[in-house]
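Written below as structure tokens is the structure these notes are about.
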Amino acid sequence: MTTSTERLNARLLHQPVDRVPNMTLVMQYAADLINAPLASYYQDYEVLCEANFKSVEVYGLDILDAISDPYRETADYGATIEFPPNSLPVCKAPRLQNPDDLASLPTPDPNKPGSRMRDRVDAIRLFHERAGGQVPIQGWVEGALAEAADLRGVTAIMYDLYDRAEWLEELLEHCVETAINFAVAQVEAGATIIGLGDAIASQVGPRAYRRFALPYEQRIFQAVRDAGAIPRLHICGDTTRIVKDMAHSGAQIIDLDWQVDLAQARAEVDAIDPDIALCGNFDPVAILLDGTPDTVTQAVGTCYAAGGDNWLAAPGCEVPRYTPAENVLALRDALVLDGKG
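Take the sequence shown: its letters are residues 1 to 341, numbered as in this note's numbering.
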């Protein structure tokens with residue numbers, strides 16, 4: 001029987017597989033599957049791991065995922081993060097409300113006991129102990145620009161792009177070094193994939209992306225490759241204008257959100273490196289949350305036809321909370337139909 005690790009490795013090499021790997025991201029949805037309070041899922045790696053093992057079992061995922069929320073690094077930089085019992089974490093105030101605060105920014109240690117980054121490293125270690133070699137294990141870091149936005153606030157960082165670009169680049173140096181250290185710590189604990197989330201990058205123009213995001217993604221992904229793991233780039237939102245730039249990031253897997261034309265993106269990426277796998281990209285709300293098993297099956301077939309022979313299955317972003325279980329099962333089942341291997 002083919003393992004998930006064998007399935008993904010073969011697909012990335014354009015080789016025949018029994019079915020397309022299911023690389024769907026689950027977070028809140030996974031917590032709900034085991035009836036765990038979200039606050040526990042975000043703060044207790046054992047709860048996160050239990051939820052992911054159950055998601056793999058029930059929904060046929062080909063990945064164990066340590067992603068939970070964007071505030072791991074932010075918390076360890078000293079920001080105050082609150083965890084409502086059954087909702088998303090909240091950053092109460094930007095850590096860098098004043099640009100002068102940059103001078104006091106610490107260098108977080110991803111292995112420091114009790115830290116939020118260490119909790120993720122511990123999740124990776126538990127995944128590896130129970131499923132190493134059988135199921136791909138995905139760690140996660142925030143891209144430098146995304147982390148800068150978490151530390152500064154989105155509105156402030158947008159002004160910083162123009163008002164204090166050199167200061168911003170100094171902040172990005174802090175963030176990229178933390179991301180590299182965090183990524184390597186996760187690989188050393190057993191991660192075989194490192195996802196990099198850079199959501200803010202879809203909100204800036206191509207020139208700003210090439211200056212303030214791409215060079216730092218490249219550095220992080222080079223460190224990931226050097227450590228022996230697969231780099232995966234995830235930028236939420238409409239990245240149509242920067243797909244070709246993303247293909248220069250060093251990512252081996254690029255996630256695309258639903259706004260992007262998958263066939264056009266495949267053609268653009270093929271011109272740069274056909275070995276880059278595209279992942280996604282049907283609408284997680286219209287198709288999964290609000291759709292039916294039939295709409296899911298149709299969407300999977302459309303993406304399969306457009307994504308190329310190394311395409312990986314997933315919606316454009318994580319499975320929304322309260323998505324009907326039959327729709328997530330329809331995604332699983334669509335991948336085992338004839339022609340989806």
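Idealized CB from N, CA, C, for every residue including glycine.
Range covered by the beta strand (DSSP E) that runs through residue i
{"i": "Pro231", "result": "230-234"}
{"i": "Ala277", "result": "277-279"}
{"i": "Val141", "result": "137-142"}
{"i": "Ile194", "result": "193-197"}
{"i": "Ile254", "result": "253-255"}
6 angstroms Cβ shell around residue i - same chain, five flanking residues per side excluded
{"i": "Arg120", "result": "Ala66, Arg72"}
{"i": "Val90", "result": "Glu82"}
{"i": "Thr240", "result": "Val260"}
{"i": "Pro21", "result": "Arg7, Leu8, Arg11, Asp62, Leu312"}
Best match in the options for proximity to residue i [C-alpha to C-alpha]
{"i": "Gln43", "options": "Ile287, Met27, Arg241, Lys92", "result": "Met27"}
{"i": "Thr323", "options": "Tyr29, Asn22, Gln203, Asp238", "result": "Tyr29"}
{"i": "Leu172", "options": "Gly237, Phe212, Tyr159", "result": "Phe212"}
{"i": "Gly280", "options": "Ala267, Leu288, Val296, Leu262", "result": "Leu262"}
{"i": "Gln264", "options": "Ile220, Gly291, Ala306", "result": "Ala306"}
{"i": "Thr223", "options": "Gln203, Ser249, Ile200, Val204", "result": "Sequence check: residue 223 is Ala here, not Thr. Looking at the Cα atoms, Ser249 is the closest of the given residues."}
{"i": "Ala148", "options": "Thr178, Thr5, Ala299", "result": "Thr178"}
{"i": "Pro368", "options": "Gly133, Gln252, Gln97, Val336", "result": "For residue 368 there is no data in the structure shown, the boundaries of the chain being 1 and 341."}
{"i": "Glu169", "options": "Glu188, Ala208, Thr2", "result": "Ala208"}
{"i": "Ile235", "options": "His14, Gly316, Asn9", "result": "Gly316"}
{"i": "Arg95", "options": "Ala10, Tyr162, Asp150", "result": "Asp150"}
{"i": "Ala31", "options": "Ala146, Pro215, Phe53, Asp270", "result": "Phe53"}
{"i": "Tyr216", "options": "Glu188, Leu13, Leu145, Arg225", "result": "Leu145"}
{"i": "Arg266", "options": "Asp309, Met23, Glu318", "result": "Asp309"}
{"i": "Val204", "options": "Val187, Thr155, Gly291, Gly78", "result": "Thr155"}
{"i": "Thr74", "options": "Ala165, His174, Met23", "result": "His174"}
{"i": "Gln97", "options": "Thr295, Ile157, Asp163", "result": "Ile157"}
{"i": "Asp226", "options": "Tyr41, Leu278, Glu188", "result": "Glu188"}
Delimiting residues of the alpha helix (DSSP H) encompassing residue i
{"i": "Asp163", "result": "154-163"}
{"i": "Leu347", "result": "This structure cannot speak to residue 347, because the chain is shown only from 1 to 341."}
{"i": "Asp32", "result": "28-33"}
{"i": "Leu353", "result": "Nothing can be reported for residue 353: it is not among the residues displayed for the chain, which extend from 1 to 341."}
{"i": "Met246", "result": "243-246"}
{"i": "Val328", "result": "325-334"}
{"i": "Ala271", "result": "First-last for Ala271: undefined, no H or E at that position."}
{"i": "Phe127", "result": "116-131"}
{"i": "Ala305", "result": "293-306"}
{"i": "Glu318", "result": "Glu318 -> no alpha helix (DSSP H), and no H or E assigned at all."}
{"i": "Val56", "result": "45-59"}
{"i": "Arg72", "result": "72-76"}
{"i": "Thr239", "result": "Run containing Thr239: none; DSSP gives neither H nor E here."}
Same chain, Cβ closer than 8 angstroms to residue i, five either side skipped, listed in chain order
{"i": "Asp338", "result": "In this prediction, Asp338 has a pLDDT of 45, which is less than 50 and means its spatial position is unreliable; what the coordinates show is noted afterwards. Excluding sequence neighbours, Asp338 sits near nothing in its chain."}
{"i": "Trp167", "result": "Pro99, Leu102, Asp160"}
{"i": "Leu36", "result": "It is worth fixing the name first, because residue 36 is Ala in this sequence and not Leu. Same-chain partners within the cutoff: Val47, Glu50, Ala51."}
{"i": "Glu268", "result": "Val243, Lys244, Ala247"}
{"i": "Cys303", "result": "Leu262, Gly280, Asn281, Phe282, Trp311, Ala313"}
Cβ pair residue i, residue j closer than 8 angstroms
{"i": "Gly190", "j": "Phe127", "result": "yes"}
{"i": "Asp257", "j": "Ala314", "result": "no"}
{"i": "Pro206", "j": "Ile242", "result": "yes"}
{"i": "Tyr45", "j": "Ala131", "result": "no"}
{"i": "Arg219", "j": "Val176", "result": "yes"}
{"i": "Thr297", "j": "Ala334", "result": "yes"}
{"i": "Ile137", "j": "Leu64", "result": "yes"}
{"i": "Val135", "j": "Thr5", "result": "yes"}
{"i": "Ser202", "j": "Gly237", "result": "yes"}
{"i": "Glu318", "j": "Leu13", "result": "no"}
{"i": "Ala39", "j": "Pro85", "result": "yes"}
{"i": "Ser68", "j": "Leu33", "result": "no"}
Own chain, CB closer than 7 angstroms to residue i, minus 5 neighbours either side, in chain order
{"i": "Pro110", "result": "Met117, Arg118, Val121, Asn181, Phe182, Ala185"}
{"i": "Asp76", "result": "Pro108, Ser115, Arg116, Met117"}
{"i": "Ala93", "result": "Thr80"}
{"i": "Pro320", "result": "Pro284, Val285, Leu288, Leu289"}
{"i": "Glu129", "result": "none"}
{"i": "Pro293", "result": "Glu326, Asn327, Ala330"}
{"i": "Gln15", "result": "none"}
Within-8 angstroms CB hit, residue i to chain D
{"i": "Ser115", "result": "You won't find chain D in this structure, because it holds only one protein chain."}
Fill in: Three or more C-beta pairs below 8 angstroms linking the stretch 99-113 and the stretch 228-240
no
Discussion item. When you compare the stretch 130-141 with the stretch 189-201, are there three or more beta-carbon pairs, one atom per stretch, that lie closer than 8 angstroms?
Written reply: Note that the stretch 130-141 touches the stretch 189-201; at least 3 beta-carbon pairs, one per stretch, sit closer than 8 angstroms.
Worksheet item: Any chance the stretch 324-334 sits against the stretch 49-69, with 3 or more Cβ pairs inside 8 angstroms?
Response: yes
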